[in-house]
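Peer 1: As you go down the protein sequences, you meet chains A and B in turn.
For the first sequence, numbering that gives the first Met the number 0 assigns the number 0 to the initial residue and increments by one for each residue that follows.
For the second sequence, numbering that gives the first Met the number 0 assigns the number 0 to the initial residue and increments by one for each residue that follows.
Cβ atoms here follow ideal geometry from the backbone N, Cα and C, with glycine treated the same way.
Just so it is clear, the structure is predicted and the values come from calculations on it, not from any experiment.
There are 2 protein chains.
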Amino acid sequence: MNKLILDGKAVAQEIKSNLKKRVESLTEKGIVPCLATILVGDNPSSETYVRMKGNACEKIGIKSIRIQLPKDIQTEELIDAIQELNNDDAVHGILLQHPVPSHIDERKAFEAINLKKDVDGVTSAGYGQTALGFGEYPSCTPAAILNILKYYQITIEGKQAVVVGRSPILGKPVSALLLNENATVTTCHSKTANLPDILKQADIVVAAIGKPKFIQGDWLKDGCIVLDAGYNKGNIGDVDYESCYNVASAITPVPGGVGPVTIATLLKHTVDSAEKTLT
Amino acid sequence: MNKLILDGKAVAQEIKSNLKKRVESLTEKGIVPCLATILVGDNPSSETYVRMKGNACEKIGIKSIRIQLPKDIQTEELIDAIQELNNDDAVHGILLQHPVPSHIDERKAFEAINLKKDVDGVTSAGYGQTALGFGEYPSCTPAAILNILKYYQITIEGKQAVVVGRSPILGKPVSALLLNENATVTTCHSKTANLPDILKQADIVVAAIGKPKFIQGDWLKDGCIVLDAGYNKGNIGDVDYESCYNVASAITPVPGGVGPVTIATLLKHTVDSAEKTLT
Chain A
0 MNKLILDGKA VAQEIKSNLK KRVESLTEKG IVPCLATILV GDNPSSETYV RMKGNACEKI
60 GIKSIRIQLP KDIQTEELID AIQELNNDDA VHGILLQHPV PSHIDERKAF EAINLKKDVD
120 GVTSAGYGQT ALGFGEYPSC TPAAILNILK YYQITIEGKQ AVVVGRSPIL GKPVSALLLN
180 ENATVTTCHS KTANLPDILK QADIVVAAIG KPKFIQGDWL KDGCIVLDAG YNKGNIGDVD
240 YESCYNVASA ITPVPGGVGP VTIATLLKHT VDSAEKTLT
Chain B
0 MNKLILDGKA VAQEIKSNLK KRVESLTEKG IVPCLATILV GDNPSSETYV RMKGNACEKI
60 GIKSIRIQLP KDIQTEELID AIQELNNDDA VHGILLQHPV PSHIDERKAF EAINLKKDVD
120 GVTSAGYGQT ALGFGEYPSC TPAAILNILK YYQITIEGKQ AVVVGRSPIL GKPVSALLLN
180 ENATVTTCHS KTANLPDILK QADIVVAAIG KPKFIQGDWL KDGCIVLDAG YNKGNIGDVD
240 YESCYNVASA ITPVPGGVGP VTIATLLKHT VDSAEKTLT
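1. In or out: A:H102 buried (at least 16 other Cβ within 10 Å) or exposed?
2. Once the 5 residues before and after B:L219 are set aside, which same chain residues still bring their CB inside 8 Å of it?
3. Return yes when at least one heavy atom of the ligand NAP lies under 7 Å from the C-beta of A:K19, else no.
4. By the DSSP assignment, the alpha helix (DSSP H) with B:G7 in it spans what residues?
5. Could you pull the start and end residues of the beta strand (DSSP E) that A:S63 belongs to?
6. Give the range of the beta strand (DSSP E) segment to which B:L38 is assigned.
7. For a contact defined as C-beta to C-beta under 8 Å, what are the partners of A:Q128 on chain B?
8. Just how far apart, CA to CA, sit B:F133 and A:E57?
9. Does any residue of chain A bring its CB to less than 8 Å from the CB of B:G92?
10. In the structure shown, what three-state DSSP assignment does A:C223 receive?
11. Specify whether the segment 109-128 of chain B and the segment 228-237 of chain B touch according to this definition: at least 3 beta carbon pairs, one from each stretch, less than 8 Å apart.
12. To the nearest angstrom, report how far apart B:L176 and A:N113 are at their CA atoms.
13. Mind checking B:I4: buried by the 16 CB within 10 Å criterion, or exposed?
14. For a contact meaning CB atoms closer than 8 Å, what does B:R165 contact in chain A?
15. Anything in chain A within Cβ reach of B:T261, meaning under 9 Å, just list it in chain order.
16. Whose Cβ in chain A lies nearer than 8 Å to the Cβ of B:V184?
17. Name, going along the chain, the residues of the segment 191-204 of chain A whose beta-carbon falls closer than 9 Å to a beta-carbon of chain B.
18. Give the DSSP-derived three-state secondary structure of A:L95 in the structure shown.
19. For A:P211, which residues in the same chain have their Cβ closer than 6 Å to its Cβ, ignoring the five residues on either side in sequence?
20. Under a three-way DSSP split, which group does B:L169 fall into?
21. Going by DSSP, what residues sit across from A:I203 in a beta bridge?
22. Who are the neighbours of A:L131 on chain B, taking C-beta pairs under 9 Å?
23. Which residue marks the beginning of the beta strand (DSSP E) containing B:T183, and which one marks its end?
24. Of the residues that make up the segment 145-157 of chain A, which ones have a beta carbon closer than 9 Å to any beta carbon in chain B?
25. State the CB to CB distance for the pair B:R165 and A:L178, rounded to an integer number of angstroms; the pair is presumed to be in contact (CB under 8 Å).
26. Who are the neighbours of A:N181 on chain B, taking C-beta pairs under 9 Å?
27. Quick one, are the C-beta atoms of B:T26 and B:S63 less than 8 Å apart?
28. Alpha helix (DSSP H) containing A:T191: first to last residue?
29. In this structure, how does DSSP classify A:L3 when only helix, strand and coil are distinguished?
30. Between B:F109 and B:T122, which are expected to be in contact by the criterion C-beta below 8 Å, what is the C-beta distance as a whole number of angstroms?
31. With H, G and I counted as helix, E and B as strand and the rest as coil, what does DSSP make of B:N234?
32. Take the Cβ of B:Q152 as the centre, count every other Cβ of all protein chains shown within 10 Å, and call the residue buried at 16 or more, exposed below.
33. Exposed or buried, what is A:K107 when buried is set at 16 or more other beta-carbons lying within 10 Å of its beta-carbon?
34. Suppose contacts are defined by Cβ-Cβ distances below 8 Å. Is A:T183 in contact with B:T191 by that definition?
35. So, is A:N86 buried or exposed, given that buried needs 16 or more other C-beta atoms within 10 angstroms?
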């Protein structure tokens, strides 16, 4: 069987290909696209993500602001910081790095982000628009997964897609996006009784659980497409790559699969948002 | 096998049981709960629904206003009418009767409804909140289906639910509500390749297609639960009742199944909304 490694870097490259030009054109008009990232506490993985995003911004001329808040901050103080960015016309995208410390009401904080600057689709309003088919900024990882499928011209319509995970910024929106592309979508989670049986039916599998090497090759249908949105400690995905590789016809590696496309999508959304201030 | 006819009138009765008292209490405080229904054109089925809803309001003391607009009205005029109701403090719920004539941008009109008065959960913001688990007014038919399952103490968690249909006010939100109750949910639609095979796995089947007698008994698993949200011309549901009855362990009739619970849910949402003006 033809085996395809879905190369996220190639997809990211295509997404980024015209961004630099668009940023230049905006900058000439006096608008420097700007992404503000809020990091609460000092989680080392979050630090890494935020730094990677900042570097990626810099490379194409997007300004990145990093707001670092102490881990013992209260929800209201975090919301004040978000409001300040909402009101700052020089900021086009706001990203609150997930997860925040557990004493903070993350949902309340997400909801405080102005929809126009919600470039990672974390607000319920943004999610609702995405699910109903007219969202401008779907969450970046779900959008990245769709971008990979489209780049590799993998048919989605009429296929059975199984999404494992149902988080508000990953499992739910990727299910919605696949449904809107005419897949028949099953969303599974920790209470799913018979996950391997369900996965055995899937033409397209999205792993979004947050458990390293969780999905096993012998749960999958021969020739299926595997998209691994997991990114666990030590650069390990949610699928057991070796066993899944053997069964799948196409699979994303970790790292180098969904991750780079997520970042490219975030950059694109930020530039989109900056361009909208022109009109 | 024990065969259960899921009696929507009994469920509706329970939902309505304390509403009259709540309406009286509000009325004593000078607040008469009020539902405004907008009807565009003269579709006879829509006329019937609106009249049924009006009568149901009257019976428990909810004021109902009916705004009748000509079928050749433009989207912007419809939105003006919605805005007027948004701004009217005496109106607690706004219902735009679906469908509107095809030249009208129904989505744009739905989106104009103030979230606080969106008692049928038609806005994308309302949908987003429902799907993320904190919506106050999920669409009434999806909420009705959940109410029926709960009234009859049918376990949802861990079950495989298959929803046939993906409309923004029916298939999508009922999928979301079942997922939030820990079902494993598959959403099917016109592009689904192998519907009978998928239905054969389902413990809970929701029919929301709008095609009379579409779902056949021999597509279903023995002992499944069938919820028929269809309401086609001549009081005919989306499931072929006779053949499905034979296979199911529980089934909603049409009429007398989901319909009455939908109306009771609408009344409850209107009273909920009126009560919120007190605080």
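Peer 2: The answer reads as follows:
1. Translated into the one-based positions of the first sequence, residue 102 of chain A becomes position 103. Answer is exposed; the Cβ neighbour count stays below 16.
2. Taking the first residue of the second sequence as 1, we reach residue 219 of chain B at position 220. Excluding sequence neighbours, B:L219 sits near L198, K199, A201, V204, V225, C243, V246 and A247.
3. The ligand content of the structure shown is nil, which means the ligand NAP is not present either.
4. Here residue 7 of chain B refers to the residue found at position 8 of the second sequence. Taken as a continuous stretch (DSSP letters only), the alpha helix (DSSP H) holding B:G7 covers G7 to K15.
5. Translated into the one-based positions of the first sequence, residue 63 of chain A becomes position 64. Where A:S63 is concerned, the enclosing beta strand (DSSP E) stretches over K62 to L68.
6. Taking the first residue of the second sequence as 1, we reach residue 38 of chain B at position 39. Segment C33 to V39, the beta strand (DSSP E) holding B:L38.
7. For the purposes of this step, residue 128 of chain A is taken as residue 129 along the first sequence, with counting starting at 1. Residues of chain B passing the Cβ test: S123 and G127.
8. Here residue 133 of chain B corresponds to residue number 134 of the second sequence, with the count starting at 1. Here residue 57 of chain A corresponds to residue number 58 of the first sequence, with the count starting at 1. Between B:F133 and A:E57, the C-alpha separation is close to 37 Å.
9. What you label residue 92 of chain B is simply residue 93 of the second sequence in a count that begins at 1. Answer no: the Cβ-Cβ gap between B:G92 and chain A never drops below 8 Å.
10. In the first sequence, counting from the first residue as 1, residue 223 of chain A sits at position 224. DSSP places A:C223 in coil when its eight states are reduced to three.
11. no
12. For the purposes of this step, residue 176 of chain B is taken as residue 177 along the second sequence, with counting starting at 1. For the purposes of this step, residue 113 of chain A is taken as residue 114 along the first sequence, with counting starting at 1. Rounded to whole angstroms, B:L176 to A:N113 spans 26 Å at the Cα level.
13. Translated into positions along the second sequence, residue 4 of chain B becomes position 5. Exposed: under 16 other Cβ atoms inside 10 Å.
14. Start at 1 with the first residue of the second sequence, and residue 165 of chain B comes out as number 166. Ordered by position in chain A, the residues that pass the 8 Å Cβ test against B:R165 are L178.
15. One-based indexing of the second sequence puts residue 261 of chain B at position 262. Chain A residues near B:T261: none, gap ~20 Å exceeds 9 Å.
16. Position 185 of the second sequence, counted from the start, is the residue given in the question as residue 184 of chain B. Simply T185 and T186.
17. T191, A192, N193, L194, D196, I197 and Q200
18. Numbered from 1 along the first sequence, position 96 holds the residue referred to as residue 95 of chain A. If DSSP states are grouped into helix, strand and coil, A:L95 belongs with the strands.
19. For the purposes of this step, residue 211 of chain A is taken as residue 212 along the first sequence, with counting starting at 1. Excluding sequence neighbours, A:P211 sits near N231 and I235.
20. For this step, residue 169 of chain B is matched to residue 170 along the second sequence. In the structure shown, B:L169 sits in coil (DSSP, three-state: anything other than H, G, I, E or B).
21. To locate residue 203 of chain A, count along the first sequence from 1; it is residue 204. Answer is A:A160 and A:I224, bridged to A:I203.
22. Your numbering for residue 131 of chain A matches position 132 in the first sequence. Those within 9 Å of A:L131 in chain B are R106, S123, Y126, G127, P167 and K171.
23. By 1-based counting over the second sequence, the position of residue 183 of chain B is 184. Its beta strand (DSSP E) spans residues T183 to C187.
24. E156 and G157
25. As a first step, residue 165 of chain B is located in the second sequence; it is residue number 166 there, counting from the start. As a first step, residue 178 of chain A is located in the first sequence; it is residue number 179 there, counting from the start. About 6 Å; that satisfies the 8 Å criterion.
26. As a working note, residue 181 of chain A is residue 182 in the first sequence. Chain B residues near A:N181: H188, S189, K190 and T191.
27. Position 27 of the second sequence, counting from 1, holds the residue named residue 26 of chain B. Position 64 of the second sequence, counting from 1, holds the residue named residue 63 of chain B. Against a cut-off of 8 Å, the Cβ pair of B:S63 and B:T26 comes out as no contact.
28. Sequence index remark: in the first sequence, residue 191 of chain A carries index 192 (1-based). That residue, A:T191, is in no alpha helix (DSSP H); it is neither H nor E in DSSP.
29. Indexing the first sequence from 1 puts residue 3 of chain A at position 4. Strand.
30. Start at 1 with the first residue of the second sequence, and residue 109 of chain B comes out as number 110. Start at 1 with the first residue of the second sequence, and residue 122 of chain B comes out as number 123. B:F109 to B:T122, Cβ: 6 Å. Contact.
31. By 1-based counting over the second sequence, the position of residue 234 of chain B is 235. Here B:N234 sits in coil by DSSP.
32. Along the second sequence, read from residue 1 onward, the residue named residue 152 of chain B stands at position 153. B:Q152 comes out exposed.
33. Counting from 1 along the first sequence, the entry for residue 107 of chain A is found at position 108. Exposed: under 16 other Cβ atoms inside 10 Å.
34. By 1-based counting over the first sequence, the position of residue 183 of chain A is 184. By 1-based counting over the second sequence, the position of residue 191 of chain B is 192. Yes. Within cutoff.
35. For this step, residue 86 of chain A is matched to residue 87 along the first sequence. So A:N86 counts as exposed.
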